[in-house]
Amino acid sequence: MTIILLSIVCAVLAVGFLIVLTKYISQSRQLHKITGEISGFLENDTVDTLLALSDEKEIQELLVQVNVLFEHQRELEKERKKQEDSNRKMLANISHDLKTPLTVILGYSEMIRNQEGISLDSIQQKVEKIYRKTTDVLEMINIFFDLVKIESGELALEMQTLDLCENARNEILNYYDMLQEGGFQVEIDIPEDEIPVDADKQAVKRILANLIQNAIKYGADGRYLRLGITQRGDDVLIQVEDRGKGIIEDSQDKIFERLVTLEDSRNKKYQGSGLGLTITKRLVEAMGGNIRVKSMPFVKTVFTVSLPHSHF
107 MTIILLSIVC AVLAVGFLIV LTKYISQSRQ LHKITGEISG FLENDTVDTL
157 LALSDEKEIQ ELLVQVNVLF EHQRELEKER KKQEDSNRKM LANISHDLKT
207 PLTVILGYSE MIRNQEGISL DSIQQKVEKI YRKTTDVLEM INIFFDLVKI
257 ESGELALEMQ TLDLCENARN EILNYYDMLQ EGGFQVEIDI PEDEIPVDAD
307 KQAVKRILAN LIQNAIKYGA DGRYLRLGIT QRGDDVLIQV EDRGKGIIED
357 SQDKIFERLV TLEDSRNKKY QGSGLGLTIT KRLVEAMGGN IRVKSMPFVK
407 TVFTVSLPHS HF
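Residue numbers (the numbering used here): 107 to 418.
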């Protein structure tokens, strides 16, 4: 009887061992296949979906997580390529924009240097043009480095409670002569009462300046500019409106991206670095706000900035 029981136990153990061995061999083969597919992706420098099949729950879960990782890698690769394309385009645009004024500077410098008997008045005129072009180059370089600082997090904002109405009134006054000379109809819709926001004073000035300058440049055909400040609940809105050529619908979602310039979609006679609205967006977001645009050509183009209202 003891021998029979011992035989049964041995048989059960043998069957159990065979089951475990078979499962181990099956898992090993499946894992070997998965490893082979992953190695193939690495050798070919490609990231694809892992299609290996398995009836083992643990391996199924592993496959799901590996594919999630691959999908994340694909998104990172897309973003990297997009960033590279943006950097290449930015360098190309900046190189082009710098080349034009530098060529003018070089040309006038050579004329002053080589032209015999040049009058003092002629020298003064050429020096004035050299000065203006040099200022343009310096401004362009400063814009570029400002964006680099913002995107790298090196630009420290000094947040304080500001009266947005007062800051907006002061900024629009800087463009009074330009608007008068351009024949603009100007509407200032700013309350007399204070509307406080928690913001960086220089950042607010930069935002207002960029939006007003854009309206003057690209909305010149409409000869109209409106600057408005309103409070809606916990948000304070800055609106800059023009009635110019407008922004084509396909560009409205891209207008704040790096190097998507307004001349691409509004007025080709104007040149720019393509960074002004990108800097504006980064500054607005750094202060906890957002910016959007709506445009109907020759009817209304409105840039709206929303900043958090200060309760103190």
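Ideal Cβ positions, reconstructed from N, Cα and C, are used throughout, including at glycine.
For residue i, is the classification buried or exposed, using 16 other Cβ atoms within 10 angstroms of its Cβ as the cut-off for buried?
{"i": "S416", "result": "buried"}
{"i": "T407", "result": "buried"}
{"i": "L182", "result": "exposed"}
{"i": "R388", "result": "buried"}
{"i": "I224", "result": "exposed"}
{"i": "T209", "result": "exposed"}
{"i": "I278", "result": "buried"}
{"i": "Q346", "result": "A small correction: the amino acid at residue 346 is Val; Gln does not occupy that position in the sequence shown. Buried, by the Cβ-count rule."}
{"i": "F250", "result": "buried"}
{"i": "K360", "result": "exposed"}
{"i": "S401", "result": "buried"}
{"i": "D203", "result": "buried"}
{"i": "F404", "result": "exposed"}
{"i": "D306", "result": "buried"}
{"i": "I354", "result": "exposed"}
{"i": "N220", "result": "exposed"}
{"i": "E399", "result": "Here residue 399 is Val; the residue named in the question, Glu, does not match the sequence. Result: buried."}
{"i": "Y281", "result": "buried"}
{"i": "L60", "result": "Given that the chain is displayed from residue 107 to residue 418, the structure contains no residue 60 and the question cannot be resolved."}
{"i": "L197", "result": "exposed"}
{"i": "V310", "result": "buried"}
{"i": "V411", "result": "buried"}
{"i": "N193", "result": "exposed"}
{"i": "V254", "result": "exposed"}
{"i": "G419", "result": "Here the chain covers residues 107 to 418 and nothing more, so residue 419 does not appear."}
{"i": "N273", "result": "buried"}
Look at the alpha carbon of residue i and the alpha carbon of residue j, and state the distance between them as a whole number of angstroms.
{"i": "Y237", "j": "Q231", "result": "10 Å"}
{"i": "S215", "j": "P207", "result": "12 Å"}
{"i": "V390", "j": "L175", "result": "33 Å"}
{"i": "I296", "j": "Q337", "result": "11 Å"}
{"i": "E222", "j": "V243", "result": "29 Å"}
{"i": "R70", "j": "N173", "result": "For the chain, the structure presents residues 107 to 418; residue 70 sits outside this window and is missing."}
{"i": "L268", "j": "K187", "result": "40 Å"}
{"i": "M393", "j": "E298", "result": "24 Å"}
{"i": "L314", "j": "R349", "result": "18 Å"}
{"i": "G382", "j": "E234", "result": "26 Å"}
{"i": "I397", "j": "F409", "result": "7 Å"}
{"i": "D252", "j": "L226", "result": "38 Å"}
{"i": "E185", "j": "I385", "result": "20 Å"}
{"i": "Y324", "j": "K351", "result": "7 Å"}
{"i": "S201", "j": "E245", "result": "14 Å"}
{"i": "D341", "j": "I335", "result": "11 Å"}
{"i": "K205", "j": "E363", "result": "23 Å"}
{"i": "T128", "j": "E257", "result": "The pLDDT assigned to T128 is 49, lower than 50, so where the model puts this residue is not dependable; a value taken from the coordinates is nonetheless given after this. Going from the Cα of T128 to the Cα of E257 covers about 56 Å."}
{"i": "I218", "j": "I229", "result": "6 Å"}
{"i": "N276", "j": "K195", "result": "36 Å"}
{"i": "I301", "j": "G259", "result": "28 Å"}
{"i": "Y330", "j": "Q286", "result": "11 Å"}
Tell me the residue span of the beta strand (DSSP E) that contains residue i.
{"i": "L343", "result": "D341 to D348"}
{"i": "Y330", "result": "Y330 to R338"}
{"i": "L413", "result": "K406 to P414"}
{"i": "A305", "result": "P302 to D306"}
What residue range does the alpha helix (DSSP H) around residue i cover?
{"i": "I397", "result": "Not the alpha helix (DSSP H): I397 falls in the beta strand (DSSP E), residues N396 to M402."}
{"i": "I354", "result": "Note, I354: premise wrong, no alpha helix (DSSP H); not H, not E."}
{"i": "A326", "result": "Here A326 belongs to no alpha helix (DSSP H), and DSSP marks it neither H nor E."}
{"i": "E391", "result": "G382 to A392"}
| said: Restricting to runs no shorter than 4 residues, where is the alpha helix (DSSP H) found entirely within the stretch 227-290? | reply: 270-279 and 282-287
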